Amino acid sequence: MLLGRTAECARIADLIDEARTGRSTALVIRGEAGIGKSSLLRYAESVAGDLTVLRTHGIETESQLPYVGLADLFRPVTDLLDRIPGRQAAALTGALALGPAVAQDRFAVAAGTLSLLGAVSESGPVLVVVDDAQWLDPYSLDSLAFATRRLGREGVVALFATRDTDEAASRLAPVETLTLRGLDTDAARALVADEPLSPHDITWLLSEARGNPLALVELPSLLARGGHRPDTGAPLPIGEMLARTFHSAIARLPAEAQDAMLLLAVLGPRPLAGTERVLRDQGLTYASLEPAERAGLVTVEEGAYVFRHPLVRSGVYHGASAVRRWRAHRAVARALRDAQAPTALERYAWHLAESGADPDEQVAAALERAASAGPASLTFPLAARLYAHAARFTPEGEHKAGRLLSAARAAQAAGSQDEAAELLDRALGHATRPRTRLDVRQLLCYVDIQRGRPARASEELRAAVDEARSVDPALAAVMLGGVTLTELAIGDLTAARAASDESMRIVEAFTDAPAVLPVRLLHALVQLLGGDAEDGRALLHELEKPLAEPDLSFPYPVSGVGGLCYLAAEELDEGHALLDRAVHAARAASTVGVLAHLLGTLSVIEFWRGQWTSALAHADESARLGEDTGRVIEVCRALAAQAKAEAALNRETDCRRHGAQAAALAATADLPMDAARAHGALGLLELGLGRHEEAARHLENVRDFSVANGRGDGLYLSWAADLADAYAHLHRTDEAYDALRVLEHEAGRGHRPIAAAAAARCRAMLEPGDAERHLDRALLHLGGVVAPFERGRTEFTRGELLRRQGRRGEARRWLRRGLATFERLGAAGWAARAAAELHAAGGDQVRTGPAPLDGLTPQELRVALAVGRGVTNHEAAEQLFLSVKTVEFHLGNIYRKLDGVHRRAQLVRLLSHASEA
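Going by the numbering used here, the first residue of the sequence shown is number 316, and it counts up by one from there.
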């Protein structure tokens, strides 16, 4: 037990015990330098006993080397890579520099990290220790954060130690955080009780150290060796105070020892195999470090000299003059000059940059050649770093801009949107050629779309279009397609239509250009949403052949846009098939960012097909993956889709929470359509609860948005039928007819059976004397369409109207049909309303129960749906980015919660029946 850390040690011991029971947990330990974070990690290792321990620590000079921390962590277990899914193993092998790199979404590496931790845990519980997480390269940290958020029943405990003021903790959120404070006075006195210090010095030490254990331990020994108190007249931050004190001890060493320590500091704690040669080139040897060892500043571990604490290294490095640091970096760069491995080349470039070297085209060209070696040789993050280093050594001018643009493309492909945006901003400052500037501006806009800034992206793209017309008309068409995409994301159909029409006029001259398919597909979507729907449908059917192959590209995710087209055309089966294929392709490729987009759209289609459990599970997964990849727009869309499914399922608390989250995020990200979709979900919830005034208030918000943006009513943003329903129950007949006219206009724009059925149902509510004819027409429209919720509402409306006309026998027949439909769907609120009407019509009192899958959590739903497709546990784990043990754990919970379901075959049958309903 550590002195003064009884509670903290007990907490860590509890986490390790939980891992032994199979439960996975994680903890971030925060605090200032020297506060005892590393000591707590060592304590964890000391009590780990039977746990497999994997450890790494961040290194300031290696924080820009992609995946170097992950490579260090997994070095002892790389023999298990053959136990994880092949694509993930390939991505992880490339990232760890163990084999050919694979140019994939960086979250393929994150998924591989999770799978490898799961494979390690198959032999028993695991302790993951990450020290100095503030210096861990962001790619390794993001991969570990992704894995940590998905750990469940593997028996893995992950401990991260990080400084107080850094972004590592935010990257790891929402992991529990333990913040370390200074030791209390009694513990601090006990720690220095055996030091040969006077009472005056002890009083000074306790005051200055402020309970910091490292200061309490190190300052007495340094003072005893003749060090000077860092007395500046004002309290210093502990880290700075210790660094200055270490520097005073370093300054007393022989010059040869100081030079050797500086080289050691520059080389880092993972020195080159040729460290001795680097020392020798400077007229030094390992013997030069012996005075530093005697002074307690360095020690020997695993046959190599290492600094006793990172602050010693910091004191050595930052205490040296700039000229001495440049000379040291130049020496290390010379040792790496002929390196062939990409990671060694990046170290070479970094050391050369830190040596004060001037721009050098030869160096830049060599780095660019390494960066452009292609997907067969590099991961996207490493390519981005090499291109950025090449730009650093490129003299001012167009070539510099081109290399920064290449770096940004690689960073964007790696999923690092903020890094890509920063590189593009720099590129704009150097670009002089019109085409280069256009390429930079275009990519910057697409990055902004992903970061949830579509309004800014649209404005910038519009500004670039006129310039593009004279430079490259095909590029102008692509940019106008981008404008269309951003305006559709915002919800402004009027603006999207204008941009789409213009882009189509341009691409007519470029029948074979790559821009043709996405531009035409976006035009089909715009037409289906608010133009000539028959033309839009014909164009969509023309493009069915190229749509058959899943396309996972950005900024035009063709499969995703195609799914929206089928949704707008009310061809739900075709849209479901297209998106289902694309989702499986995205899972197989671990393209997590695009998967978030596809799942969000698939969720909406599943809602209308009555597959509400699937819709809820996919929307939940889309939101989680959107958060992981920093795609704000996908998070917002998914939250609105979640709220809609929860409204239909009468999950009131969840619906209100997700609706509020979607509306709040939409406001900050300038995505008003998703705020409107959230209001639509809340309106449906209130309607199902029979609270028509509240329903109307929410739905009026949706109507106002739609009217202002040239939109009518569609399956992606539906409101007119629900608003007419609410108004009819409130006897606000004129307003109900206004909403009905919008719906009937939409139904008249081509073959829209769901809109036509809803319009007929609403007209029946407003014209009860002719209700049966209207409702017969509604059911006729639904004859060949899988739209069970609309069918159930039609059946319920018919029974409700018949009861009010006193035709109770006929009413009971239709109310029982509606009730059965609602119960199959899990529409608890609507089922309760139908049961109450049935009882009022003279039927037996019916107690509606929850749908079979209602008790499952979103995670359990995802597992159930995957297993329901007939996949193995290993395949389900790969598809859902979970470990096999977590899948098995959720599957056990599913069997316990579902009556009569104890085997996979029974679960498959249950889900098959649910989807057929």
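Every residue, glycine too, gets a C-beta built ideally from N, C-alpha and C.
Note that the coordinates shown come from a computational prediction; the quantities given were computed from them, not determined experimentally.
Between Gly915 and Gly878, the alpha-carbon positions lie close to 11 Å from each other. Val392 and Ala672 have their C-alpha atoms spaced approximately 40 Å apart. Counting along the chain, Asp807 sits inside no alpha helix (DSSP H), nor does DSSP assign it H or E at all.
In the assembly as shown, Glu616 is an exposed residue. Its beta-carbon has fewer than 16 other beta-carbons within 10 Å. Of Arg812, Glu1009 and Ile1069, the smallest CA-CA separation from Pro1103 is found for Ile1069.
Look at Asp574 here: in three-state DSSP terms it is helix. Following the DSSP letters along the chain, one finds Asp446 inside the beta strand (DSSP E) bounded by residues Val441 to Asp446. Where Ile344 is concerned, the enclosing beta strand (DSSP E) starts and stops at Thr340 to Arg345.
In the displayed model, Phe475 falls within a strand according to three-state DSSP. If you draw a straight line from the Cα of Gly875 to the Cα of Asp596, it comes to about 59 Å.
Restricting attention to Arg402, Val909 and Gly470, the CA atom closest to the CA of Ala434 is found in Gly470. Its chain contains Thr393 as the residues whose beta carbon lies nearer than 7 Å to that of Leu413, once the 5 sequence neighbours on both sides are disregarded; these appear in chain order. Look at Arg370 here: in three-state DSSP terms it is strand. Excluding five sequence positions before and after Gln976, the CB atoms of its chain that fall closer than 7 Å to its own CB belong to Leu954, given in chain order. Of all C-beta pairs linking the stretch 616-625 to the stretch 355-362, fewer than three are shorter than 8 Å, placing the two stretches out of contact.
In the three-state reduction of the DSSP assignment, Phe1111 falls in the helix class.
With a beta-carbon spacing of about 10 Å, Ala664 and Ala686 fall beyond the 8 Å limit used to define contacts.
Take the alpha-carbon of Thr1136 and the one of Tyr1042: they are about 24 Å apart.
Annotation for Leu493: the continuous beta strand (DSSP E) segment containing it runs Glu491 to Thr494. Only residues of its own chain outside the window of five on either side were considered, and among them Leu720, Ala723, Arg724, Gln727, Ala735 and Leu739 have a CB closer than 8 Å to the CB of Leu758, listed in chain order. Taking C-beta atoms under 8 Å as the contact rule, Ala476 and Ser670 fail to qualify, at a distance of about 31 Å. A direct Cα-to-Cα measurement between Ala488 and Ala460 gives close to 8 Å. The DSSP-derived three-state label of Glu775 is helix.
Cβ-Cβ distances below 8 Å link Val1101 to Leu887, Asp888, Arg924 and Gly925 in the same chain, with the five nearest sequence neighbours on each side left out; the list follows chain order. Sequence-distant partners of Ile327 (beyond 5 residues in either direction) whose C-beta falls short of 6 Å from its own C-beta, in its chain, are Ala359. Cβ-Cβ distances below 7 Å link Glu591 to Tyr601 in the same chain, with the five nearest sequence neighbours on each side left out; the list follows chain order. The alpha-carbon of Thr408 is positioned some 43 Å away from that of Leu498.
Secondary structure remark: continuous beta strand (DSSP E) runs of at least 3 residues inside the stretch 1048-1122: none found. Fewer than three pairs of CB atoms, one per stretch, sit closer than 8 Å, so the stretch 1046-1055 makes no contact with the stretch 935-944. In the three-state reduction of the DSSP assignment, Thr1187 falls in the coil class.
In the three-state DSSP reduction, Phe825 falls in the coil class, being neither helix nor strand. For Tyr620, the enclosing beta strand (DSSP E) covers residues Ala619 to Phe622. Counting only the Cα atoms, Thr1109 lies some 9 Å from Trp1129. Sequence-distant Cβ neighbours of His1060 in its own chain, meaning closer than 8 Å and more than five residues away, are Gly1027. Pairing Arg812 with Asp787 gives a Cβ-Cβ distance that is not under 8 Å.
In this structure, Thr801 keeps its C-beta atom at 8 Å or more from the C-beta atom of Val841.
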